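Just add 741 to the spot in the sequence shown (first one is 1) and you have the working numbering. Yeah, the Cβ is synthetic: ideal placement off N, Cα and C, and Gly gets one too. In this text the structure is predicted, and so the values were computed from the model without any measurement. In what follows, a single structure is set out as structure tokens and then discussed.
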Amino acid sequence: MNIKILIENEIDKARKLAYKVLVWEQDWIIPENPTGLRVEKDQLRDAYDPIAIWFGVFDGDTLIACNRICGRLRGHFELEHYHPLPDFIGRSNLAVEGNRLAIKKEYRSSLAVFELALFEWKHILECGHEFFFTTGSFPRPGVFYARKFDLMQYGEPFRYHAQDPNQVYLFFADRDRLEKAIVKLTRIVG
């Protein structure tokens with residue numbers, strides 16, 4: 742497997758994988774939303790596309806897993822349009838949000854998600870970020886975030902919109918927790 746920061750047409754492949762997994766398989770789409778979340782040409786797109794950094798795992802030429810990180814756009818993280826952030830994250834100028842985690846069905850029991858998180862979190866630390874946060878439902882990906890990745894769960898569950906079929910939780914890690922998670926993930930992936 743090859744893990745990398747995605748460029749150009751690879752990002753389009755990631756948006757297509759996110760669409761396939763999140764919209765088709767999980768029936769997740771926010772109808773009317775403040776972030777411009779939409780489907781275009783079988784790609785999941787939104788207003789944060791221009792500032793997103795996408796990460797991907799390839800098996801040969803096939804993209805099998807992806808995730809992206811985003812900073813603030815016009816002063817707000819994507820999540821802030823749907824749910825308040827804890828003050829300690831909201832006040833930080835060095836926080837980054839992870840979203841759009843998508844893994845091809847036949848690779849969900851592989852090490853792909855571990856390798857993706859390891860690569861992504863090393864990048865986050867190298868860039869000097871002090872907080873990483875994301876959302877997830879239980880059992881997946883919440884169990885991974887809490888038990889395998891050692892992210893902290895924060896607050897009560899919430900929904901992105903009234904008809905959202907899944908409740909999600911906010912998960913976060915500071916630099917120290919990310920460093921410890923990287924050590925753990927390195928042992929897992931070998």
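- The criterion of a C-beta distance shorter than 8 Å is satisfied by E838 and T875.
- DSSP, read as helix, strand or coil, puts H817 in strand.
- About 6 Å separates the Cβ atoms of F860 and F796, confirming a contact at the 8 Å cut-off.
- Taking C-beta separations shorter than 7 Å and ignoring five residues to either side along the sequence, the partners of Q894 in its chain run A887, Y910, F912, following chain order.
- In the three-state DSSP reduction, K846 falls in the helix class (H, G or I).
- Taken atom to atom, the span from the alpha-carbon of Q908 to that of S878 is near 6 Å.
- With 16 or more other Cβ atoms inside 10 Å of its own Cβ, D787 counts as buried.
- In the three-state scheme derived from DSSP, where H, G and I count as helix and E and B as strand, D790 is classed as helix.
- Per the Cβ contact rule, the segment 770-786 is not in contact with the segment 805-813 (fewer than 3 Cβ pairs under 8 Å).
- As summarised for the segment 888-920, there are no continuous alpha helix (DSSP H) elements at least 4 residues long confined to that stretch.
- Per the C-alpha coordinates, the member of G816, D790, L804, G931 positioned closest to R832 is G816.
- Sequence-distant partners of L747 (beyond 5 residues in either direction) whose C-beta falls short of 6 Å from its own C-beta, in its chain, are A755, W795, G797.
- When DSSP states are grouped into helix, strand and coil, T803 belongs to the strand group.
- Spanning the alpha carbons of E856 and I923 requires a straight line of approximately 10 Å.
- Straight across, the Cα-Cα distance linking K889 with E847 is about 20 Å.
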